[in-house]
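Peer 1: Respectively, the protein sequence lines represent chains A and B. The first sequence begins at 1 in my numbering and counts up one residue at a time. The second sequence begins at 1001 in my numbering and counts up one residue at a time. We treat Cβ as the ideally placed atom computed from N, Cα and C, and that holds for glycine.
There are 2 protein chains.
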Amino acid sequence: MPTDDPNHARLIARRKAGYEHKQARATGEKGLLIVFTGPGKGKTTAALGMALRAIGHGMRVGIVQFIKGGQDSAERAVFSGFENVDFQVIGDGFTWLTQNREQDIATAERAWAEAERMIRDPRYALVILDELNLVLKYGYLDLTRVLAAFSARRAELHIVVTGRNAPQALVTQADLVSEIRVIKHPYREQGVKAQKGIEF
Amino acid sequence: MPTDDPNHARLIARRKAGYEHKQARATGEKGLLIVFTGPGKGKTTAALGMALRAIGHGMRVGIVQFIKGGQDSAERAVFSGFENVDFQVIGDGFTWLTQNREQDIATAERAWAEAERMIRDPRYALVILDELNLVLKYGYLDLTRVLAAFSARRAELHIVVTGRNAPQALVTQADLVSEIRVIKHPYREQGVKAQKGIEF
């Protein structure tokens, strides 16, 4: 391994200067609309990791799971130990399981009512709407109404939306959008089953 | 919004059947080598979200932060409340800050020694090596040695590696690789500064 590199210090100094320049130019502070989308693993996990970070700062966090509540019982168990987290699981596995569109829409509406309550309640600093993108994709909620509620939020409120296939209008309105791509997946390629601590 | 769709139930049934078929074929169980890479936000956050999930199952988690320890104090504060998490921050901000390659290598070696200890200790079910990719990119640690340690791990141990620019040999060896891409970033485009609960 090379242990001596004449260009190293120069490279490092340039990186550091670039970083400091960028930070100095970024002075605004505002609540962000953040989207984690794409087909890869880690969207919900990243959102819940953000909840963890906010809790560590003593901020109040609201979480509404629109879909796959049944798989995230371990995270809920941990969050239940913190009084500044409100973790609502509505419509456990409701999509493509009930095979009843009317029922799915009713469930989505209940979940959205909970989301709107959190968005309006000034005690919340961060609201996570897990798998909302899937609900929007199926047309269970009206996108225009959802985006209007986001626009009307308090200036300092952060909202995180997860799920593959984020609607383009949501991406346009969002401040920060990360797309998670699958480079390699063990279930598809190796026949490994979903495991405790990894998938659920 | 459409509330009645003759194709809906059929579509849903087909999706469900496909999902169940895939699950039924995936029967193996093994410790996974997981990589979160790419330039987008959420790599560390996703890894720490996985830690949260594992803790919720009562699994023991080891975390070694190779680089940016200084920014993650909020997460550490939360994890410090759990006795089955060992969160080691080594080399707080060491890269491109010391401008001293010898010192950076020594720090990387100390962090790696801690990582190897966790990998060998059978009490750990999940070991997270945060920003290891950056250390490998700079050549502060020998990639061959790192990959050999991963190969020699206990069959049931999960390892998560984060950081942009994952080396190709690591991707090849990994079971699950997610790449996080930036679709939109507020600092670059809007001059918004790093904020509590979001960036740190």
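Does any CB atom of chain B fall closer than 7 Å to the CB of Glu83(A)?
Peer 2: The count along the first sequence starts at 1 and reaches residue 83(A) at position 83. Not an interface residue.
Peer 1: Helix, strand or coil for Glu1075(B), going by three-state DSSP, please let me know.
Peer 2: Sequence index remark: in the second sequence, residue 1075(B) carries index 75 (1-based). DSSP places Glu1075(B) in helix when its eight states are reduced to three.
Peer 1: Decide yes or no for the touch test of the stretch 1038 to 1046 of chain B against the stretch 1100 to 1120 of chain B: beta carbon pairs closer than 8 Å, at least 3 of them.
Peer 2: no
Peer 1: DSSP three-state label for Ile1090(B), please.
Peer 2: Against the second sequence, residue 1090(B) aligns to sequence position 90. Ile1090(B): coil per DSSP, three-state reduction.
Peer 1: Short check: CB of Val1085(B) to CB of Val1061(B), under 7 Å?
Peer 2: As a working note, residue 1085(B) is residue 85 in the second sequence. As a working note, residue 1061(B) is residue 61 in the second sequence. With a cutoff of 7 Å on beta-carbon distance, Val1085(B) and Val1061(B) are scored as near each other.
Peer 1: Residue range of the alpha helix (DSSP H) that Ile1067(B) falls in?
Peer 2: Taking the second sequence and counting its residues from 1, one reaches residue 1067(B) at position 67. Premise fails: Ile1067(B) is in no alpha helix (DSSP H) and is neither H nor E.
Peer 1: Give a yes or no on whether 7 Å exceeds the smallest Cβ distance from Val1089(B) to chain A.
Peer 2: In the second sequence, the residue the question calls residue 1089(B) occupies position 89. Taking Cβ atoms only, chain A never reaches closer than 7 Å to Val1089(B), which makes this a no.
Peer 1: Just the C-alpha distance for His1057(B) and Ala74(A), rounded to the nearest angstrom, thanks.
Peer 2: Translated into positions along the second sequence, residue 1057(B) becomes position 57. Translated into positions along the first sequence, residue 74(A) becomes position 74. The straight-line gap from Cα to Cα measures roughly 6 Å.
Peer 1: Kindly say whether Gly40(A), judged by its beta-carbon, lies nearer than 7 Å to any beta-carbon of chain B.
Peer 2: For the purposes of this step, residue 40(A) is taken as residue 40 along the first sequence, with counting starting at 1. At least one C-beta of chain B is nearer than 7 Å to the C-beta of Gly40(A).
Peer 1: Within the continuous beta strand (DSSP E) that includes Arg181(A), where are the two ends?
Peer 2: As a first step, residue 181(A) must be located in the first sequence, where it is residue number 181. Leu176 to Lys184 is the span of the beta strand (DSSP E), which, as asked, contains Arg181(A).
Peer 1: Judging by CA-CA distance, which residue of Thr1144(B), Val1127(B), Gly1042(B) and Phe1087(B) is the nearest neighbour of Gly1031(B)?
Peer 2: For this step, residue 1031(B) is matched to residue 31 along the second sequence. Measuring from the Cα of Gly1031(B), the nearest candidate turns out to be Val1127(B).
Peer 1: With a CB to CB cut of under 7 Å and the five nearest residues on each side skipped, what residues in its chain are close to Arg123(A)?
Peer 2: As a first step, residue 123(A) is located in the first sequence; it is residue number 123 there, counting from the start. Cβ neighbours of Arg123(A) beyond the five flanking positions: Arg60.
Peer 1: What residues from chain A crowd round Met1059(B), counting only those whose CB sits closer than 8 Å?
Peer 2: Working through the second sequence from its first residue, we reach residue 1059(B) at position 59. The answer, in chain order, is Lys196 and Gly197.
Peer 1: Would you verify that the beta carbon of Gly56(A) is, or is not, closer than 7 Å to some beta carbon of chain B?
Peer 2: Start at 1 with the first residue of the first sequence, and residue 56(A) comes out as number 56. Under the 7 Å criterion on CB atoms, Gly56(A) is classed as interfacial with respect to chain B.
Peer 1: What is the residue span of the alpha helix (DSSP H) that Ile198(A) lies within?
Peer 2: The residue you call residue 198(A) lines up with position 198 of the first sequence. Bounds of any alpha helix (DSSP H) do not take in Ile198(A), whose DSSP letter is neither H nor E.
Peer 1: Considering only residues of the same chain and omitting the five flanking positions on each side of Val1182(B), which have a CB-CB separation below 6 Å?
Peer 2: Reading the second sequence from its first residue, position 182 is the one you call residue 1182(B). Pro1039 and Gly1040.
Peer 1: Within 7 Å of any Cβ in chain A, is that where the Cβ of Val1177(B) sits?
Peer 2: As a working mapping, residue 1177(B) is identified with position 177 in the second sequence. So yes, Val1177(B) belongs to the interface.
Peer 1: Near Leu1176(B), what residues of its chain come up, given a Cβ to Cβ distance below 8 Å and the 5 sequence neighbours on each side ignored?
Peer 2: Locating residue 1176(B) in the second sequence gives position 176, where the first residue counts as 1. Same-chain partners within the cutoff: Leu1032, Leu1033, Ile1034 and Val1035.
Peer 1: Within its chain, find whatever has a CB closer than 6 Å to the CB of Ala174(A); leave out the 5 residues flanking it on each side and keep chain order.
Peer 2: One-based indexing of the first sequence puts residue 174(A) at position 174. These residues qualify, in order along the chain: Leu33 and Val35.
Peer 1: Short of 7 Å in beta carbon distance, which residues of its chain neighbour Gly1042(B), apart from the five on each side in sequence? Order them along the chain.
Peer 2: Numbered from 1 along the second sequence, position 42 holds the residue referred to as residue 1042(B). Ile1180, listed in sequence order.
Peer 1: Give me the Cα-Cα distance between Asp142(A) and Glu199(A), rounded to the nearest whole angstrom.
Peer 2: In the first sequence, counting from the first residue as 1, residue 142(A) sits at position 142. In the first sequence, counting from the first residue as 1, residue 199(A) sits at position 199. Taking the straight line joining both Cα atoms gives about 30 Å.
Peer 1: Please list, in chain order, all residues of the same chain as Ala1149(B) whose beta carbon is under 7 Å from its beta carbon, the five residues on each side excluded.
Peer 2: Walking along the second sequence from the start, residue 1149(B) turns up at place 149. Answer for Ala1149(B): Glu1116 and Ile1119, listed in chain order.
Peer 1: Can you give the Cα-Cα distance for Phe66(A) and Ala1194(B), rounded to whole angstroms?
Peer 2: For the purposes of this step, residue 66(A) is taken as residue 66 along the first sequence, with counting starting at 1. For the purposes of this step, residue 1194(B) is taken as residue 194 along the second sequence, with counting starting at 1. Their backbone Cα atoms lie some 29 Å apart in a straight line.
Peer 1: Tell me the rounded alpha-carbon separation between Ala1125(B) and Asn165(A).
Peer 2: Here the question's residue 1125(B) lines up with position 125 in the second sequence. Here the question's residue 165(A) lines up with position 165 in the first sequence. Ala1125(B) and Asn165(A): Cα-Cα distance of roughly 33 Å.
Peer 1: Which residue marks the beginning of the alpha helix (DSSP H) containing Asp104(A), and which one marks its end?
Peer 2: Reading the first sequence from its first residue, position 104 is the one you call residue 104(A). Looking at the DSSP string, the run of the alpha helix (DSSP H) that includes Asp104(A) is Arg101 to Arg120.
Peer 1: Which residue wins for smallest C-alpha separation from Pro167(A), given the options Gln103(A), Leu134(A) and His158(A)?
Peer 2: By 1-based counting over the first sequence, the position of residue 167(A) is 167. Of the listed residues, the one whose Cα sits closest to Pro167(A) is Leu134(A).
Peer 1: Please name the residues in the stretch 113 to 129 of chain A whose beta-carbon is closer than 8 Å to at least one beta-carbon of chain E, in chain order.
Peer 2: Looking at the structure shown, chain E is missing, and the protein chains on hand are A and B.
Peer 1: Rounded to the nearest angstrom, how far is the Cβ of Leu52(A) from that of Val1078(B), given a contact under 8 Å?
Peer 2: Within the first sequence, residue 52(A) is the residue found at index 52, counting from 1. Within the second sequence, residue 1078(B) is the residue found at index 78, counting from 1. Correct: roughly 5 Å between the Cβ atoms.
Peer 1: What residues of chain A sit near Gly1049(B), judged by a beta carbon separation below 9 Å?
Peer 2: By 1-based counting over the second sequence, the position of residue 1049(B) is 49. By Cβ distance, chain A contributes Gly42, Thr44, Thr45, Ala46, Ala47, Leu48, Gly49, Met50, Ala51, Leu52 and Glu75.
Peer 1: Classify Leu1129(B) as helix, strand or coil using the three-state DSSP reduction.
Peer 2: Counted from its first residue, the second sequence places residue 1129(B) at position 129. In this structure, Leu1129(B) counts as strand in the three-state DSSP scheme.
Peer 1: Thr1162(B) and Asp1130(B) look like a contact to me (Cβ under 8 Å); what is the Cβ gap, rounded to whole Å?
Peer 2: In the second sequence, counting from the first residue as 1, residue 1162(B) sits at position 162. In the second sequence, counting from the first residue as 1, residue 1130(B) sits at position 130. Indeed, because the Cβ distance is near 5 Å, the residues count as touching under 8 Å.
Peer 1: With 16 other CB atoms within 10 Å as the buried threshold, where does Arg154(A) fall?
Peer 2: Against the first sequence, residue 154(A) aligns to sequence position 154. Counting the other Cβ atoms within 10 Å of the Cβ of Arg154(A) gives fewer than 16, which makes it exposed.
Peer 1: Relative to the C-alpha of Leu157(A), which candidate in Ser1178(B), Gly1197(B) and Thr1144(B) has its C-alpha closest?
Peer 2: On the first sequence, residue 157(A) is found 157 positions in, with the first residue counted as 1. Cα-wise, what sits closest to Leu157(A) is Gly1197(B).
Peer 1: Is any beta-carbon of chain A found at less than 7 Å from that of Phe1094(B)?
Peer 2: Counted from its first residue, the second sequence places residue 1094(B) at position 94. Residue confidence for Phe1094(B) is low, a pLDDT of 49 falling below 50, so the modelled location carries little weight; the figure read from the coordinates is stated next. No, its Cβ sits nowhere closer than 7 Å to a Cβ of chain A.
Peer 1: Got a sec: which bits of the stretch 152 to 166 of chain A sit with their beta carbon under 8 Å from any beta carbon on chain B, in order along the chain?
Peer 2: His158
Peer 1: Taking 6 Å as the cut-off, is the beta-carbon of Gly1058(B) closer than that to any non-hydrogen atom of the ligand SAM?
Peer 2: The model on display carries no ligand, and the ligand SAM is accordingly not part of it.
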